[in-house]
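This report refers to the structure that appears directly beneath it.
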Amino acid sequence: MTDLAVIIVNFNTKALLLKALASVYQQKVSFDLKVIVVDNASSDDSVKATKKEFPQVELIESPRNVGFAAGNNLALAKVKAGHFLLLNSDTIVLPDCLELLMTVAKTDQYALLSCKLLNEDHSLQPNAGFLPTPGPLFLWLSGIDDLLGLLGISSASYHLQKPAFYRGTHEVGWVAGTALLISSEVLSKIGALDGSIFMYAEDVEYCWRAREAGFKVGFTDQAQIIHLGGGSSPAPKLNQWKGEFKGLLYLYSKFYGKLAGDILRVLMYIFIALRMIVFFLLGKKEFSKTYAQVIRYI
Numbered sequence: 013m014t015d016l017a018v019i020i021v022n023f024n025t026k027a028l029l030l031k032a033l034a035s036v037y038q039q040k041v042s043f044d045l046k047v048i049v050v051d052n053a054s055s056d057d058s059v060k061a062t063k064k065e066f067p068q069v070e071l072i073e074s075p076r077n078v079g080f081a082a083g084n085n086l087a088l089a090k091v092k093a094g095h096f097l098l099l100n101s102d103t104i105v106l107p108d109c110l111e112l113l114m115t116v117a118k119t120d121q122y123a124l125l126s127c128k129l130l131n132e133d134h135s136l137q138p139n140a141g142f143l144p145t146p147g148p149l150f151l152w153l154s155g156i157d158d159l160l161g162l163l164g165i166s167s168a169s170y171h172l173q174k175p176a177f178y179r180g181t182h183e184v185g186w187v188a189g190t191a192l193l194i195s196s197e198v199l200s201k202i203g204a205l206d207g208s209i210f211m212y213a214e215d216v217e218y219c220w221r222a223r224e225a226g227f228k229v230g231f232t233d234q235a236q237i238i239h240l241g242g243g244s245s246p247a248p249k250l251n252q253w254k255g256e257f258k259g260l261l262y263l264y265s266k267f268y269g270k271l272a273g274d275i276l277r278v279l280m281y282i283f284i285a286l287r288m289i290v291f292f293l294l295g296k297k298e299f300s301k302t303y304a305q306v307i308r309y310i
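Here the sequence shown is numbered in my numbering, starting from 13 and rising by one per residue.
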């Protein structure tokens with residue numbers, strides 16, 4: 013059994029995938045390392061290029077695009093390892109990252125652990141927060157957390173943006189699946205990712221289940237990864253927002269029941285409509301238009 017299995021799910025990101033793989037293989041580690049690429053029926057010769065440039069990679073070829081969660085599950089079901097690192101194909105693993113992640117996970121007994129994410133310009137990319145239970149979710153959905161932030165007041169919000177939160181090593185509610193280290197212990201107890209989630213919220217769902225089972229979820233700034241796809245641009249990202257809100261509705265129906273999901277949908281309509289109005293009045297019509305599309309989607 014290998015010590016660490018790095019799993020990368022790919023769909024038509026050949027150039028990015030090759031860069032990610034190069035950064036992984038440049039790591040200096042003191043343990044056994046295996047790399048698995050799950051290709052979701054790419055049409056850009058990702059598989060051919062991977063076989064040519066990195067023949068040591070274990071390839072799993074899905075006949076169709078099954079999404080992020082189900083794609084990772086294909087590898088999790090096949091590979092035996094002490095730890096698994098789910099890694100986006102649009103990432104660059106910085107020096108010593110894997111060694112540091114494994115050390116922190118074992119020393120502080122984190123069943124799930126992520127590291128500091130950076131944009132391409134090396135600015136901070138937030139990737140953690142409190143679980144979206146009613147309180148933290150309300151702070152985020154209503155925008156109260158942003159107002160408190162302007163006053164210099166920290167809040168226990170679903171999404172946390174303040175740089176101070178991303179210092180040191182500490183326990184968190186959830187971490188993003190962009191780079192998610194999973195211990196075999198938590199995998200054997202709570203199972204794999206929720207394959208019914210195509211993309212977005214599968215990481216939050218997994219952290220939620222892990223915490224309910226008594227496992228620790230952590231963040232550390234000792235290890236760092238550049239996430240190119242996260243971007244530092246403030247422009248609205250329609251698919252990401254749609255996936256975020258739809259995913260939250262699914263989580264509430266799953267963990268709290270259908271009625272809770274229905275109530276949350278109504279609250280989303282109200283607060284998203286308020287965001288539309290605010291951004292329109294501020295002259296940010298692109299944001300207002302994007303939120304209008306989100307409302308129609310959910």
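The beta-carbon is built from N, C-alpha and C at its ideal position, and this holds for glycine as well. Computed from a prediction, not measured in an experiment: that's the story for all the values here.
Based on the DSSP secondary-structure assignment, which residues constitute the bridge partners of H171? Position 159 of the sequence shown holds residue 171. Under DSSP, H171 forms no beta bridge with any residue.
For the stretch 142 to 152 against the stretch 53 to 67, are there 3 or more C-beta pairs whose distance is under 8 Å? Under the Cβ criterion (8 Å, minimum of three pairs), the stretch 142 to 152 does not count as touching the stretch 53 to 67.
Since K46 contacts A117 with CB under 8 Å, what's their CB separation in whole angstroms? The sequence position of residue 46 within the sequence shown is 34, counting from 1. The sequence position of residue 117 within the sequence shown is 105, counting from 1. That belief does not hold up - the Cβ atoms of K46 and A117 are roughly 17 Å apart, past 8 Å.
Looking at C-beta atoms only, is the number of pairs between the stretch 215 to 233 and the stretch 268 to 282 that lie closer than 8 Å three or more? Counting Cβ pairs under 8 Å, fewer than three are found: no touch.
Among all the DSSP beta bridges, which residues are the ones paired with F46? As a working note, residue 46 is residue 34 in the sequence shown. What sits at residue 46 in the sequence shown is Lys, not Phe. Beta-bridge pairing links K46 to A17.
Counting pairs of beta carbons, one from the stretch 18 to 31 and one from the stretch 95 to 104, are three or more of them closer than 8 Å? Contact between the stretch 18 to 31 and the stretch 95 to 104 is present, with at least three C-beta pairs closer than 8 Å.
Helix or strand or just coil, what does DSSP make of L99? Counted from its first residue, the sequence shown places residue 99 at position 87. If DSSP states are grouped into helix, strand and coil, L99 belongs with the strands.
For H239, which option in Y281, E132, I289, S166 has the closest C-alpha, if you only look at C-alpha atoms? Along the sequence shown, one-based indexing puts residue 239 at 227. Taking only the C-alpha atoms, the option nearest H239 is E132.
With a cut-off of 8 Å on the beta carbons, I'd call G207 and A82 a contact; round off their distance for me. The sequence position of residue 207 within the sequence shown is 195, counting from 1. The sequence position of residue 82 within the sequence shown is 70, counting from 1. With a Cβ gap of about 4 Å, G207 and A82 count as contacting.
Using three-state DSSP, classify T62 as helix, strand or coil. Taking the first residue of the sequence shown as position 1, residue 62 is located at position 50. In this structure, T62 counts as helix in the three-state DSSP scheme.
Cutting at 8 Å between CB atoms, please list the residues of its own chain near G180, excluding the five before and the five after it. In the sequence shown, the residue the question calls residue 180 occupies position 168. Residues T232, D233 of the same chain have their beta carbon placed closer than 8 Å to that of G180, with the five preceding and five following residues left out of the count.
Taking 9 Å as the threshold (C-beta atoms), are A188 and D158 in contact? Here residue 158 is taken as the residue at index 146 of the sequence shown, counted from 1. Here residue 188 is taken as the residue at index 176 of the sequence shown, counted from 1. Cβ distance not < 9 Å, so D158 and A188 don't count as in contact.
Separation of K40 from D15, as counted between CA atoms: Taking the sequence shown and counting its residues from 1, one reaches residue 15 at position 3. Taking the sequence shown and counting its residues from 1, one reaches residue 40 at position 28. Rounded to the nearest angstrom, the two C-alpha atoms are 14 Å apart.
Measure from the alpha carbon of E217 to the alpha carbon of each residue in M13, A123, K266, then state which is nearest. For the purposes of this step, residue 217 is taken as residue 205 along the sequence shown, with counting starting at 1. Distances from the alpha-carbon of E217 to those of M13, A123, K266 put K266 closest.
On the CB-based measure, 16 or more other CB atoms within 10 Å of its CB, does V21 come out buried or exposed? Here residue 21 refers to the residue found at position 9 of the sequence shown. Buried.
For the candidate residues S135, G164, G155, E183, whose alpha-carbon lies nearest to that of F142? Working through the sequence shown from its first residue, we reach residue 142 at position 130. Nearest of S135, G164, G155, E183 to F142, Cα basis: E183.
Neighbourhood of L261 by C-beta, 7 Å cutoff - its chain only, sequence neighbours within 5 removed: Here the question's residue 261 lines up with position 249 in the sequence shown. Within the same chain, G273, L276, R277, I310 come within 7 Å of L261 by CB-CB distance, once the 5 residues on both sides are set aside.
With a CB to CB cut of under 8 Å and the five nearest residues on each side skipped, what residues in its chain are close to F257? Here residue 257 is taken as the residue at index 245 of the sequence shown, counted from 1. Same-chain partners within the cutoff: M280, I284, V306, Y309, I310.
Helix, strand or coil: how does DSSP classify L240 here? As a working note, residue 240 is residue 228 in the sequence shown. Correct three-state label for L240: coil.
With 16 as the cutoff for other CB atoms within 10 Å, does D51 come out buried or exposed? As a position in the sequence shown, residue 51 is number 39, starting the count at 1. A residue is called buried when at least 16 other Cβ atoms come within 10 angstroms of its Cβ; D51 meets this threshold and is buried.
Check the DSSP bridge columns for G141 and list the partner residues they point to. The sequence position of residue 141 within the sequence shown is 129, counting from 1. Looking at the DSSP assignment, G141 forms a beta bridge with W186.
Near Q173, which residues of its chain fall below 6 Å by C-beta distance, leaving aside the five closest residues on each side in sequence? On the sequence shown, residue 173 is found 161 positions in, with the first residue counted as 1. Within the same chain, Q173 has close Cβ partners P138.
How many Å lie between A5 and A140 at the Cα? Residue 5 cannot be examined here, being either before or after the span of the chain that is shown, 13 to 310.
In whole angstroms, what separates the C-alpha of V18 from that of L205? As a first step, residue 18 is located in the sequence shown; it is residue number 6 there, counting from the start. As a first step, residue 205 is located in the sequence shown; it is residue number 193 there, counting from the start. Straight-line Cα distance between these residues: approximately 16 Å.
Give a yes or no on whether the C-beta atoms belonging to L97 and L192 are separated by under 9 Å. Taking the sequence shown and counting its residues from 1, one reaches residue 97 at position 85. Taking the sequence shown and counting its residues from 1, one reaches residue 192 at position 180. In contact: L97 and L192 (Cβ atoms closer than 9 Å).
Proximity of G79 and M288 at Cβ, strictly below 9 Å: To locate residue 79, count along the sequence shown from 1; it is residue 67. To locate residue 288, count along the sequence shown from 1; it is residue 276. Contact flag unset, no.
What is the rounded straight-line gap between the Cα of H134 and the Cα of F177? The count along the sequence shown starts at 1 and reaches residue 134 at position 122. The count along the sequence shown starts at 1 and reaches residue 177 at position 165. Taking the straight line joining both Cα atoms gives about 17 Å.
Which listed residue (G155, L129, L106) has its alpha carbon closest to that of Y282: Translated into positions along the sequence shown, residue 282 becomes position 270. Reading the sequence as shown, one finds Ile at residue 282 and not Tyr. Checked all of G155, L129, L106; the closest Cα to I282 is G155.
Below 8 Å CB to CB, which residues in the same chain sit around L110 once its five sequence neighbours on both sides are set aside? Here residue 110 refers to the residue found at position 98 of the sequence shown. So the qualifying residues of the chain are L16, V18, V36, Q39, V41, L45, L97, A235.
How long is the line joining the alpha carbons of C127 and V69, rounded to whole angstroms? Position 115 of the sequence shown, counted from the first residue, corresponds to residue 127. Position 57 of the sequence shown, counted from the first residue, corresponds to residue 69. C127 and V69: Cα-Cα distance of roughly 24 Å.
Just verifying my parser: in three-state terms, what is the DSSP assignment at G259? The residue labelled residue 259 in the question sits at position 247 within the sequence shown. It is helical.
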